[in-house]
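Residue 1 is where the sequence shown starts when you use full-length UniProt numbering, and the numbers rise one by one after that. Notes to accompany the following structure.
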Amino acid sequence: MTEKFNFKDLFIFEIANNHQGVFDHGLRIIREMIGVARKTGVRAAIKLQFRDLDTLVHPKHRRDSDDRFIRRFQSTKLRDEHFKEYVREIQHAGLLTMCTPFDEPSVQSIQKMGIEVMKVASSSSNDWPLLEEIAKTKKPVVCSTGALTFEKIDKVVDFFTKRNVDFALLHCVSIYPTPNHLLSLNQIELMRKRYPNITIGFSTHEDPRNPHVIRTAYGKGARLFEKHVGIDAPAIALNAYSATPEQVEVWINAWKEAKEASGSEEPRVIPPEEVRDARSFMRGVYVSRDVKKGDVISRKDVFFSIPVLEGQLTSGQWTEGMIAEKDFTKEDPIIV
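Pasting the structure below:
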């Protein structure tokens, strides 16, 4: 399957619940991240999360639940009008809108709001009823793979491929924050080999003060990136895996350095200055005796020394049994 949507070099700024249920705080995050995208010049999407709590949460757990995640989702709930305003703000700035639905009604909300790209959370990546609804929209999909074996990822790939849905995969470790020894970045390379026609990216949850991980991820083959983002505010503390706008800028600049250092993914064209500098250390071919035009030159008739002169035969170009095209005096260079 050939990708129609360009996933490569896309940066996904994941707001998740970092708006804390406060509309103005979420809007400030969006505006700050728009500023980062403009300053760094990257192609970016700002991502939201939709949950229809009336259907997502079991009726017995909608009040006084002991589940900390349910309590958090309830305490940070925003109205549809708030999300519509977020979408307008993002699209007006020229960034992509992206959203993770955790239930079927949320898929319909994404459709109604005109959000451009779907995101599948790791926890939903084998939720086939939800994936069926997502696939019906025919929107491009980015799917995280935290806690999935390759056998389960194979099923996701087969599912979206058969339905002709344009999609990318993100290597992800669903531990928040993820310590270095559990990042498992070699999985990116394994995924690229296993799914050569699919863009592979990295959804990162490491300490946001560490800008080095993205360099390795890029070197392993990740070509799109997702990071949780937010801002500190009075009475609103940022969690340990979300990055501030300043940290995101450092993170993106680290990616730029890695991309620049990696160069083209095609066989490289050797620049003239490199050829010149390399030739400076090559040995030239010199005759060890007087040679007449037409003589057969054998190995015993030459020696190899530096410097190599302009137009001179190098030791790497030397061939046993060459015919002299002119007379040479002992220690002359063989010029070609």
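C-beta atoms are modelled at their ideal positions from N, C-alpha and C, and glycine is treated no differently. Remember, predicted model here, so these are calculated numbers, not experimental data.
- In the three-state DSSP reduction, residue 83 falls in the helix class (H, G or I).
- Assignment of residue 205 by DSSP, reduced to helix, strand and coil, places it in the coil class.
- Excluding its 5 nearest sequence neighbours in each direction, residue 19 has C-beta neighbours in its own chain below 6 angstroms: 25, 26, listed in chain order.
- Residue 282 carries a coil assignment under DSSP once its states are collapsed to helix, strand and coil.
- Contact between residue 168 and residue 214 does not hold, since the beta-carbon distance rounds to 17 angstroms and is not under 8 angstroms.
- In the DSSP assignment, residue 330 falls outside any alpha helix (DSSP H) and carries neither an H nor an E.
- Three or more Cβ pairs closer than 8 angstroms define a contact, and the region 126-145 meets that threshold against the region 95-104.
- Note on geometry: alpha-carbon atoms of residue 201 and residue 145 lie some 10 angstroms from one another.
- The shortest CA-to-CA distance from residue 184 to any of 205, 199, 164 is the one to 205.
- Taking a C-beta distance under 7 angstroms as the contact criterion, residue 170 and residue 123 do not qualify as a contact pair.
- Under the three-state reduction of DSSP, residue 264 is assigned to coil, being neither helix nor strand.
- Under the three-pair Cβ rule at 8 angstroms, the region 6-17 counts as touching the region 38-52.
- Residues of the same chain with a CB within less than 6 angstroms of the CB of residue 303, apart from the 5 flanking positions on each side, are 286, 288 in chain order.
- Burial is judged here by how many other beta carbons sit within 10 angstroms of a residue's own beta carbon; residue 336 has fewer than 16 and is exposed.
- Our two residues, residue 301 and residue 277, have alpha carbons roughly 28 angstroms apart in a direct line.
- Ranked by Cα distance from residue 264, the first of 298, 246, 221, 121 is 221.
- By the neighbour-count criterion, in which a residue is buried when 16 or more other Cβ atoms sit within 10 angstroms of its Cβ, residue 242 is buried.
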